[in-house]
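In full-length UniProt numbering, the protein residues as written are 1 to 163. Glycine included, C-beta positions come from ideal geometry on N, C-alpha and C. Written out below as structure tokens is the structure these notes cover.
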Amino acid sequence: PVQVLLHPCCPSTSLPSGTLKRSKKEEVMELICIDIVGPLPVAHLGGNRFRYILTWICAGSHFLGAIPLLQATAEAISNALERNVIDVFGRVKEIAADNASQLRCASFVAWCQSLNIRCWHIPVAAPWRNALLERQHKSLKSSLKILVGSVEHRWPGFSRKLP
Numbered sequence: 001p002v003q004v005l006l007h008p009c010c011p012s013t014s015l016p017s018g019t020l021k022r023s024k025k026e027e028v029m030e031l032i033c034i035d036i037v038g039p040l041p042v043a044h045l046g047g048n049r050f051r052y053i054l055t056w057i058c059a060g061s062h063f064l065g066a067i068p069l070l071q072a073t074a075e076a077i078s079n080a081l082e083r084n085v086i087d088v089f090g091r092v093k094e095i096a097a098d099n100a101s102q103l104r105c106a107s108f109v110a111w112c113q114s115l116n117i118r119c120w121h122i123p124v125a126a127p128w129r130n131a132l133l134e135r136q137h138k139s140l141k142s143s144l145k146i147l148v149g150s151v152e153h154r155w156p157g158f159s160r161k162l163p
């Protein structure tokens, strides 16, 4: 009897509970999230001295990529993305980035516009919007620590073997 009375008037009993999932499923390589890890211990590989890792993740497939960088400049980031992501996997439609100065500068924005890529920045007040990539940084650092062992300067050689 109580169920009959509550059912028509109480919205909490008639509506399903909400979900935490995005309403729109991203296509593969439609949106990638990027971030910089570092500075890390200086590592030598082929005569280069690496200090940073450019991480990226596809929002549709959750495929994670890690690219060692000599320096964290807009030019180095755009070159790395073009050589290691766009040339390999094809053009992306959107790039989501945090508010790092290298990712907000005019040269990076111009590079995105030249390839017809929409670049948007995650608001400072909402860092959880890049949580997909930020969560992977912990496992990336743990994996590097295990692969490298006690020889810290070897990490660039293992960046392609990360999960």
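With contacts defined by Cβ atoms closer than 8 angstroms, C119 and I95 form a contacting pair. Counting every other CB atom within 10 Å of its CB across the protein chains shown gives P68 a total of 16 or more, marking it as buried. The continuous alpha helix (DSSP H) containing E75 extends over residues 74-81. A Cβ-Cβ distance of about 5 angstroms is found for the pair D98 and I122, placing them in contact under the 8 angstroms criterion. For N48, DSSP records a beta bridge to L45.
For C112, same chain residues with a beta-carbon under 6 angstroms away, outside a window of 5 residues either side, are C119 in chain order. Under the three-state reduction of DSSP output, A106 falls in the helix class.
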